[in-house]
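Residue numbers (our numbering): 31 to 241.
(1) Under 7 Å between the Cβ atoms of residue 129 and residue 214?
(2) What residue range does the alpha helix (DSSP H) around residue 204 cover?
(3) Between the C-alpha atoms of residue 197 and residue 191, what's the straight-line distance to the nearest angstrom?
(4) Since residue 120 is in the alpha helix (DSSP H), which residue starts that stretch and which ends it?
(5) Does DSSP put residue 226 in a helix, a strand or coil?
(6) What is the rounded straight-line gap between the Cα of residue 176 and the Cα of residue 189?
(7) When you compare only the Cα positions, how much space is there between residue 253 and residue 220?
(8) Hey, would you say residue 217 sits closer than 7 Å to residue 90, going by beta carbons?
(9) For residue 123, which of 92, 83 and 72 has the nearest alpha-carbon?
(10) Just checking my contact of residue 166 with residue 77 at CB under 8 Å: how many whole Å lie between their CB atoms?
(11) With distance defined between alpha-carbon atoms, name the residue in 65, 169, 235 and 139 nearest to residue 158.
(12) Tell me whether the segment 97-111 and the segment 222-236 touch, counting them as touching only if at least three CB pairs, one residue from each stretch, are closer than 8 Å.
(13) Counting only runs of 3+ residues fully inside the segment 109-165, write out the beta strand (DSSP E) ranges in chain order.
(14) Please classify residue 94 as buried or exposed, where buried requires at least 16 other C-beta atoms within 10 Å of its C-beta.
(15) For residue 87, which residues of its own chain have a beta-carbon under 6 Å away from its beta-carbon, when the five flanking residues on both sides are left out?
(16) Is it buried or exposed, residue 222, if we count other Cβ atoms within 10 angstroms and call 16 or more buried?
(17) If you check the beta carbons only, do residue 109 and residue 69 fall under 7 Å apart?
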């Protein structure tokens, strides 16, 4: 009888300990900046990852084909904000570029008194679902007045490439002028050997935090 009691107590101890551990992990997950389940369901998470992957490819292709002296292009996580009933939901990314001398700088951050534009679903990228079919709807902006549908493409199609992107050009121009980038210039020879690191991780927060 005594052995049975000990066994029962041992089982109860394991259950309580395991339950406490699971509860702790659940709370950690709920409080994690990587938990966006309150603003995006699984279907929307998939849509945002696909859409932003295409946007990152569009931006990196433009930089790689129009600027020489660049060795690496990296992207931040997809930062989401709002959607809490008080502020509008939005998702944005920024990029980091490293020149051939190893100098790493960020696009979309503040330089002096000017904050340069990030890239996201408020202008550069339009995301949603087709009202009739429920299929993903993904559009990329190619100029001030035109967006193109890329919903059925896994990689950036030729027709979605950028021929110009003034807000990015201005940002890089200032980084060159103030010496943060060295040996970089706008050139049709581009940087064909530049490495690209895509990032489709979604997290809460402000893109200005990314380093």
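C-beta atoms are modelled at their ideal positions from N, C-alpha and C, and glycine is treated no differently.
In this structure, then:
(1) The Cβ atoms of residue 129 and residue 214 sit closer than 7 Å to each other.
(2) Its alpha helix (DSSP H) spans residues 196-207.
(3) 16 Å
(4) Note, residue 120: premise wrong, no alpha helix (DSSP H); beta strand (DSSP E) at 120-123.
(5) strand
(6) 12 Å
(7) In the structure as shown, the chain begins at 31 and stops at 241. Residue 253 is therefore absent and cannot be evaluated.
(8) Their beta carbons are not under 7 Å apart, which means residue 217 does not touch residue 90 by this criterion.
(9) Cα-wise, what sits closest to residue 123 is 83.
(10) Right, the Cβ-Cβ distance comes to about 5 Å (below 8 Å), so this counts as a contact.
(11) For the set 65, 169, 235 and 139, the Cα lying nearest the Cα of residue 158 is the one of 169.
(12) yes
(13) 120-123, 125-129, 134-137 and 155-159
(14) buried
(15) Non-local beta-carbon contacts of residue 87 in its own chain, meaning distances under 6 Å to residues more than five positions away in sequence, involve 186 in chain order.
(16) exposed
(17) no
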